[in-house]
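**Q** Pasting a structure here, questions to come.
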Amino acid sequence: MSNLAFGIDLGTGNIKIYNTARDAIVNEKNMIALMKKDILFAYGDAAFDMFEKAPQNITVSYPLVNGVIADIGNMTTVLTEFINEITDGRGGGADYFVTVPTDVTEVEKRAFYDLIKDSGLKPRKIMMSEKSLADGLGMGINVKTSQGVLVVDVGFETTEISVLSLGGIVLSKLLKSGGRKFDDAIRGIIRKEFGLMVGEKTAEQVKIELTATEAQHKPAVVYGRDLVTGLPVERSIPTDLIDSTIAETAAVIVDNIKVILERTPPELSADIYRQGIYLTGGSASLAHLDELIVKGTALKVNKADNPQESAAFGLARIIKDPSFRSVAYTIDDMTEEV
Ligand SMILES: Nc1ncnc2c1ncn2[C@@H]1O[C@H](COP(=O)(O)OP(=O)(O)OP(=O)(O)O)[C@@H](O)[C@H]1O
Ligand SMILES: [Mg+2]
0 MSNLAFGIDL GTGNIKIYNT ARDAIVNEKN MIALMKKDIL FAYGDAAFDM
50 FEKAPQNITV SYPLVNGVIA DIGNMTTVLT EFINEITDGR GGGADYFVTV
100 PTDVTEVEKR AFYDLIKDSG LKPRKIMMSE KSLADGLGMG INVKTSQGVL
150 VVDVGFETTE ISVLSLGGIV LSKLLKSGGR KFDDAIRGII RKEFGLMVGE
200 KTAEQVKIEL TATEAQHKPA VVYGRDLVTG LPVERSIPTD LIDSTIAETA
250 AVIVDNIKVI LERTPPELSA DIYRQGIYLT GGSASLAHLD ELIVKGTALK
300 VNKADNPQES AAFGLARIIK DPSFRSVAYT IDDMTEEV
């Protein structure tokens, strides 16, 4: 395959870009830091490093909100910087494959196409793929021939629950809940029970390290600002308190999986029963989430090996294997549907 191609999974938290030149996925924070509101200061992981730490003249933000493009200008900047970085500025004429959420408006979907078309990257071709189909392919499922596949992608600000069958999507629901909700809940409980203000990054760290912390039978140690004295302090947070917070927050996800299962045609339900649920997205790694889903649905849960990159890996399969090309479509196909 000669032509340069990119597979882009734009997440609310992380941008993943597969490229054929290196046959690899770049995965960084989908963030931008601007000085005086319009001078590019940093992007990606470098911008995230400044998050919650930057002085007032530097604004750090996410260009996507709840899975859709909220700031097209900033998203264009982040994307073009990454593409130029990957290609040394020689990315013109490449093919672009981009994931789109299913349960959003046509205008929101089209924005993913327009982003690339109007980016100045001079694309040769732009193809779109529903994110859940790319996720399925990335988890090794032949989505073209499989029937009744339930994919749950728990990301940063969203959870997408989809039933796939024979290369299409039977049902899909996008929830405004993902990893960030768990971080917020952990911050909330630490504030309430310990009178301590911790940052978003600290709460996320506690969450990510929870499996390891529990294995050591230790409390989670956090640093923050005491709400009464205003001074920096260290506190030990019992892990069972964090566990119960996670369970409460996960209930929304589990309940919505049940709603989708209730609406699934019976023949497909039978397939889902046999295969189990496919769990992916970065938050698939969250401690106890798989157990909570098993408990709530009485179904088996298959966790992706590399959950953050399932969709980008699926795009790589679409790019590399012509037999999966039909999983992607062009904007013309989309307009016909309207
Ligand atoms: N080991 C871990 N345990 C718990 N959560 C984790 C772990 N590793 C990553 N995460 C969480 O995964 C989330 C990011 O996942 P991902 O990159 O799939 O999201 P995204 O694609 O950017 O967001 P979205 O799909 O919602 O737009 C973050 O909330 C992060 O805290
Ligand atoms: Mg995602």
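The letter at position 267 of the sequence shown is residue 266 when you use numbering that gives the first Met the number 0, and the numbering goes up by one with no holes. Yeah, the Cβ is synthetic: ideal placement off N, Cα and C, and Gly gets one too.
(1) Tell me whether Thr-11 counts as near ligand 2, meaning its Cβ is closer than 8 Å to at least one heavy atom of that ligand.
(2) Ligand 1 and Asn-29: does the residue's C-beta get closer than 8 Å to at least one heavy atom of that ligand?
(3) Less than 9 Å separating the beta-carbons of Leu-78 and Ile-7?
(4) Buried or exposed: which applies to Gly-313, given that a residue is buried once 16 or more other Cβ atoms fall within 10 Å of its Cβ?
(5) Let me confirm a value: Thr-238 is counted as buried when at least 16 other C-beta atoms fall within 10 Å, else exposed. Which label applies?
(6) For Leu-195, which residues of its own chain have a beta-carbon under 8 Å away from its beta-carbon, when the five flanking residues on both sides are left out?
(7) Any idea which residues DSSP pairs Met-34 with across the strands?
(8) Where do the N-terminal and C-terminal ends of the beta strand (DSSP E) with Arg-234 fall, by residue?
(9) Can you name the start and end residues of the alpha helix (DSSP H) that Tyr-112 belongs to?
(10) Answer with buried or exposed for Gln-346, where buried requires no fewer than 16 other C-beta atoms within 10 angstroms of its C-beta.
(11) Following the continuous beta strand (DSSP E) through Asp-289, name the residue where it begins and the one where it ends.
(12) Classify Lys-28 as buried or exposed, calling it buried when 16 or more other Cβ atoms lie within 10 Å of its own Cβ.
(13) When every heavy atom of ligand 1 is checked, does at least one fall within less than 8 Å of the C-beta of Val-119?
(14) Could you tell me the distance, in whole angstroms, from the CA atom of Gly-147 to the CA atom of Asp-87?
(15) What are the boundary residues of the beta strand (DSSP E) that includes Asp-8?
**A** Short version:
(1) Thr-11 Cβ: within cutoff of ligand 2.
(2) yes
(3) yes
(4) buried
(5) buried
(6) Within the same chain, Cβ atoms closer than 8 Å to the Cβ of Leu-195 are found at Ile-189, Val-221, Gly-223, Arg-224, Asp-225, Leu-226, Val-232 and Arg-234, the five residues on either side in sequence being excluded.
(7) Ile-38 and Ile-57
(8) 231-236
(9) 105-116
(10) Summary: the structure shown does not reach residue 346, with the chain confined to residues 0 through 337, and so no result is reported for it.
(11) That residue, Asp-289, is in no beta strand (DSSP E); its alpha helix (DSSP H) goes 288-296.
(12) buried
(13) In the sequence as displayed, the identity of residue 119 is Gly instead of Val. Not so, every heavy atom of ligand 1 lies at least 8 Å from the Cβ.
(14) 43 Å
(15) 4-9
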